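The block underneath contains the structure these notes are about, expressed in structure tokens.
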Amino acid sequence: GLVQGLLITRAGLQPFILTLAGMLIYRGVSQTILSGGDIAFGNSKERAVQVLVDDIGNGSVLGIPTPALIFLGVMAVATFFLHFTVFGRYLFAIGGNRDAARYSGIPVQRVETASYVICAGLAGLAGVLYAAYLPQANHNIGFGYELTAIAAAVLGGCSLRGGEGTVPGVLIGAAIMQVLENGINMFQIRYGDGKTFRLDENWKFMIIGGVILGAVVLDQVLHHVRARRRSTGGKE
13 GLVQGLLITR AGLQPFILTL AGMLIYRGVS QTILSGGDIA FGNSKERAVQ VLVDDIGNGS
73 VLGIPTPALI FLGVMAVATF FLHFTVFGRY LFAIGGNRDA ARYSGIPVQR VETASYVICA
133 GLAGLAGVLY AAYLPQANHN IGFGYELTAI AAAVLGGCSL RGGEGTVPGV LIGAAIMQVL
193 ENGINMFQIR YGDGKTFRLD ENWKFMIIGG VILGAVVLDQ VLHHVRARRR STGGKE
């Protein structure tokens, strides 16, 4: 996160291209380390691994899974920082208009670099929790989740132009995506001759892609509507 943040803010590299390249590099490194297979550590005798797997990955507190409690804690902290701190206001300002934020005295490069570091840290936390839940390390785990995350964010009200969105909104978007994925997995049509049609993994990606496209189009339409209302003083 720090390396990519510095390359984007200091060297001026394109964020999307650098993020995509980083994903491919890290995925290749994981495949090399795991030699194309997986590593199971559920029966490890190491105390730290046992705590990670039994108490964190698969544990619970008052009947609530520990990963869910960690998620709620991260969500609460993220909501506080985004909406009740100077750093959060800086993030929204930079997302809304980077040049205007820089001219107003906001340390754009430092804030952007910090955001990449935070994002990388949260991605690492999610990876550790997922591996502890399974419990195994496999380079195929999480494949395609970046599309699901983008779709959840857009469905939750985050604008791809930046400067808009809330943490609870993203939670709602993630819930919608999970319901959609469960629906895809459960969907089937039984014909009269006994044959059954089910949606496979390929359909899943096509549907998620369609959801992203539809959300982007809707976001663009709403953006034009708001811009027109501002230009006419709220009169249609």
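If you're matching positions, the sequence shown starts at 13 in my numbering and goes up one per residue.
For each residue, glycine too, the CB sits at the ideal point set by N, CA and C.
These numbers were taken from a predicted model, which means no experiment stands behind them.
By the Cβ neighbour-count rule, GLN26 is exposed, with fewer than 16 other Cβ atoms within 10 Å of its own.
TYR102 sits away from GLY13, with the two beta carbons spaced by 8 Å or more. Between the C-alpha atoms of LEU167 and ASN197 there is a straight-line separation of about 20 Å. Per DSSP, reduced to three states, the secondary structure at ASP212 is coil, with no helix or strand assignment. Looking only at ALA126, PHE199, ILE162, the smallest Cα-Cα distance to MET189 is reached by ILE162.
Runs of the alpha helix (DSSP H) spanning 4 or more residues and lying entirely within the region 88 to 152 occur at 98 to 108, 110 to 115, 120 to 145, in chain order.
Ranking GLY222, GLY156, TYR142 by CA distance to the CA of ASP66 puts TYR142 first. Restricting attention to beta strand (DSSP E) runs no shorter than 3 residues, the region 165 to 203 encloses them at 200 to 202, ordered along the chain. In this structure, the alpha-carbon of VAL15 lies about 25 Å from that of THR160.
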